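Be aware that the sequence shown starts at 19, since it is given in my numbering, and climbs by one per residue. Heads up: the structure comes next, in structure tokens.
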Amino acid sequence: MATKSNSKNKKGLLLIIAVVLVIVIAAVVIGLYFGAPEIFEKGLNFITGNGDPSTPDSGGSGEGLPPVVITEGELQIHMIDVGQGDCILILFPDGKEMLIDCANYNNSGDIKEEALAYIDTYVTDGQIDYLMLTHCDSDHVYFMDEVLSEYDVDNIYMPNVLATHSSVAEANLDEEKLAWFTDPDDVDTKCYADFFIAALTEPEANIRLNIGDFTLEGEGWQIDFFCYDQEDWDDTRLNNAEAKNAISPIGILFYNGKKVVLTGDSNEINEPEFIAKAKDKYGVETLDCDVLKVGHHGSETSSTESFLNFIEVEYCFISCNADGNKFEHPRQATLDRFIVRGVMIYRTDLMGNIVISIKDTEISFITEKDVTQAQAQVGADTVAEQGQA
Numbered sequence: 019m020a021t022k023s024n025s026k027n028k029k030g031l032l033l034i035i036a037v038v039l040v041i042v043i044a045a046v047v048i049g050l051y052f053g054a055p056e057i058f059e060k061g062l063n064f065i066t067g068n069g070d071p072s073t074p075d076s077g078g079s080g081e082g083l084p085p086v087v088i089t090e091g092e093l094q095i096h097m098i099d100v101g102q103g104d105c106i107l108i109l110f111p112d113g114k115e116m117l118i119d120c121a122n123y124n125n126s127g128d129i130k131e132e133a134l135a136y137i138d139t140y141v142t143d144g145q146i147d148y149l150m151l152t153h154c155d156s157d158h159v160y161f162m163d164e165v166l167s168e169y170d171v172d173n174i175y176m177p178n179v180l181a182t183h184s185s186v187a188e189a190n191l192d193e194e195k196l197a198w199f200t201d202p203d204d205v206d207t208k209c210y211a212d213f214f215i216a217a218l219t220e221p222e223a224n225i226r227l228n229i230g231d232f233t234l235e236g237e238g239w240q241i242d243f244f245c246y247d248q249e250d251w252d253d254t255r256l257n258n259a260e261a262k263n264a265i266s267p268i269g270i271l272f273y274n275g276k277k278v279v280l281t282g283d284s285n286e287i288n289e290p291e292f293i294a295k296a297k298d299k300y301g302v303e304t305l306d307c308d309v310l311k312v313g314h315h316g317s318e319t320s321s322t323e324s325f326l327n328f329i330e331v332e333y334c335f336i337s338c339n340a341d342g343n344k345f346e347h348p349r350q351a352t353l354d355r356f357i358v359r360g361v362m363i364y365r366t367d368l369m370g371n372i373v374i375s376i377k378d379t380e381i382s383f384i385t386e387k388d389v390t391q392a393q394a395q396v397g398a399d400t401v402a403e404q405g406q407a
């Protein structure tokens with residue numbers, strides 16, 4: 019009899035515990051539903067099999083990284099050797115092309131002819147799908163009017179900066195188009211005016227100013243460009259070199275699971291804003307990229323520690339001219355940031371034209387000249403100091 023009595027007591031105790039647990043669980047669920055609906059939704063998704071609660075969440079918009087889809091075809095990025103300047107040609111696997119900047123600092127006629135001939139080797143139908151000018155400096159814009167003269171361009175992406183050289187007034191441009199440019203500053207150089215006129219008179223071209231983030235995409239590839247918002251343009255004075263460089267968009271190119279960072283002359287001014295935006299957009303703390311186009315030719319005010327810590331690249335490529343280059347790009351301080359991270363360095367001044375190929379899930383580099391990493395790791399300022407010793 020005593021045994022039966024103990025059994026009844028245990029059953030009663032278990033019933034009480036079960037009721038208490040149900041009440042506690044109900045209270046927690048109700049509390050989450052009203053007090054923290056985002057947590058309630060994630061838990062509900064987990065129970066029902068909808069969504070993945072393990073997906074990183076930065077607390078921002080968190081739309082996530084593009085899904086990795088391995089497609090056939092090769093994507094190529096050509097860094098054309100233009101000396102002290104920039105010229106990047108991207109050949110997408112779906113047959114589209116994009117040119118980002120095209121210039122040499124000294125506006126060398128020989129270099130211009132070589133660059134245009136190089137482009138013509140790969141763009142054989144007389145048409146370029148996308149053309150972007152990152153900012154207004156001469157070493158990025160000098161040859162761009164020639165490109166617009168030689169090719170039909172479908173889409174032009176350009177700075178929100180009005181050209182005010184006298185040639186612009188003489189060109190009698192469309193007043194409605196001139197009204198698009200809202201930045202309080204302007205640029206009066208002849209080279210920017212030549213591009214400006216050519217862009218605004220390019221037949222049938224769609225023109226988009228580099229205001230606000232945007233995405234380009236095709237068959238298997240995508241580029242997310244992070245640009246100054248309208249407020250940034252309104253608040254920024256283009257009264258020094260660093261401010262002018264910082265209007266450069268930063269792009270993340272996605273293809274076959276690989277990520278390439280494109281920078282123009284981005285620097286310590288706009289890199290932090292890019293980091294904040296990218297964390298919010300992708301819901302990540304680090305981006306784990308593969309290749310970086312080094313900003314501003316390897317200047318020490320670009321490729322900051324926080325920027326490199328965020329993108330975590332394995333390779334970098336630099337457009338520069340160390341021989342007789344008064345800017346002494348790339349700087350040793352910049353190269354040292356890559357060296358300590360074990361990043362492979364590719365440079366046009368030492369290697370000539372550089373081609374990055376992404377095919378299947380592999381990245382390969384093709385250069386005109388073979389140079390050791392030990393040579394690539396020596397900055398132009400270090401070379402100059404050694405020459406003076």
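Ideal placement from N, C-alpha and C gives every residue a C-beta, glycine not left out. Treat the numbers as computed from the prediction; the structure is a model and nothing was measured.
Residues in the same chain with beta-carbon distance under 6 Å from residue i, minus the five sequence neighbours each way, listed in chain order, please.
i, result
"Asn173", "Tyr148 and Asn224"
"Asp206", "Thr182 and His183"
"Lys387", "Met369 and Gly370"
"Ser156", "Cys209"
With a threshold of 8 Å between beta carbons, is residue i in contact with chain C?
i, result
"Gly269", "Reference to chain C is not applicable here, since this structure consists of a single protein chain."
What is the C-beta distance between residue i and residue j, in whole angstroms, given that I count them as a contact (C-beta under 8 Å)?
i, j, result
"Ile268", "Leu280", "7 Å"
"Ile363", "Gln395", "6 Å"
"Ala305", "Ala296", "The sequence given here has Leu at residue 305, not Ala. Indeed, because the Cβ distance is near 6 Å, the residues count as touching under 8 Å."
"Arg359", "Glu318", "With 8 Å as the limit, Arg359 and Glu318 do not qualify as a contact, their Cβ atoms being about 16 Å apart."
"Gln240", "Phe272", "5 Å"
"Thr152", "Ser266", "4 Å"
"Gly313", "Asp354", "Incorrect: roughly 16 Å between the Cβ atoms, too far for contact."
"Ala211", "Val186", "5 Å"
"Ser337", "Met97", "6 Å"
"Val331", "Val361", "6 Å"
"Lys130", "Glu90", "The pair is not a contact, with the Cβ atoms about 36 Å apart (cut-off 8 Å)."
In terms of residues, what are the limits of the alpha helix (DSSP H) holding residue i?
i, result
"Gln102", "From DSSP, Gln102 is part of no alpha helix (DSSP H); its letter is neither H nor E."
"Lys409", "Residue 409 cannot be examined here, being either before or after the span of the chain that is shown, 19 to 407."
"Val159", "Ser156 to Val159"
What are the start and end residues of the beta strand (DSSP E) that includes residue i?
i, result
"Gln145", "Gln145 to Met150"
"Val179", "Neither: Val179 is in no beta strand (DSSP E) and is coded neither H nor E."
"Asp119", "Glu115 to Cys120"
"Phe383", "Glu380 to Thr385"
"Ile374", "Ile372 to Lys377"
"Leu93", "Glu92 to Met97"
"Leu227", "Asn224 to Leu227"
"Tyr333", "Tyr333 to Ile336"
"Val309", "Val309 to Lys311"
Is the distance from the Cβ of residue i to the Cβ of residue j below 8 Å?
i, j, result
"Tyr123", "Gly101", "yes"
"Asp119", "Asp104", "yes"
"Ile293", "Phe328", "yes"
"Ile287", "Ala264", "yes"
"Thr366", "Asp112", "no"
"Phe356", "Ile372", "no"
"Glu134", "Glu168", "For the sequence presented, residue 134 should be read as Leu rather than Glu. Cβ atoms of Leu134 and Glu168: closer than 8 Å."
"Gly230", "Gln248", "yes"
"Ala398", "His347", "yes"
"Ile215", "Leu196", "no"
"Leu93", "Tyr140", "no"
Ignore the nearest five residues each way along the sequence and tell me which others in residue i's own chain have a CB closer than 8 Å to its CB.
i, result
"Ile381", "Lys276, Asp308, Val309, Tyr333, Ile374 and Ser375"
"Asp252", "Thr200, Asp201 and Pro202"
"Ala392", "none"
Which same chain residues end up closer than 7 Å to residue i when comparing Cβ atoms and leaving out the 5 residues on each side of it in sequence?
i, result
"Trp198", "Leu227"
"Asp203", "Val179, Arg255 and Leu256"
"Tyr160", "Ala121, Asn122, Asn125 and Cys209"
"Tyr300", "Gly82 and Leu83"
"Val87", "Gly238"
"Asp378", "Ile88 and Asn274"
Going by DSSP, which residues form a beta bridge with residue i?
i, result
"Trp239", "Tyr273"
"Phe244", "Ile268"
"Met369", "According to DSSP, Met369 bridges with nothing at all."
"Val361", "Answer is none; Val361 lacks a bridge partner."
"Phe232", "Phe243"
Within 7 Å: the Cβ of residue i and any heavy atom of the ligand SAM?
i, result
"Gly370", "As presented, the structure is devoid of all ligands, the ligand SAM included, so that no description of it is given."
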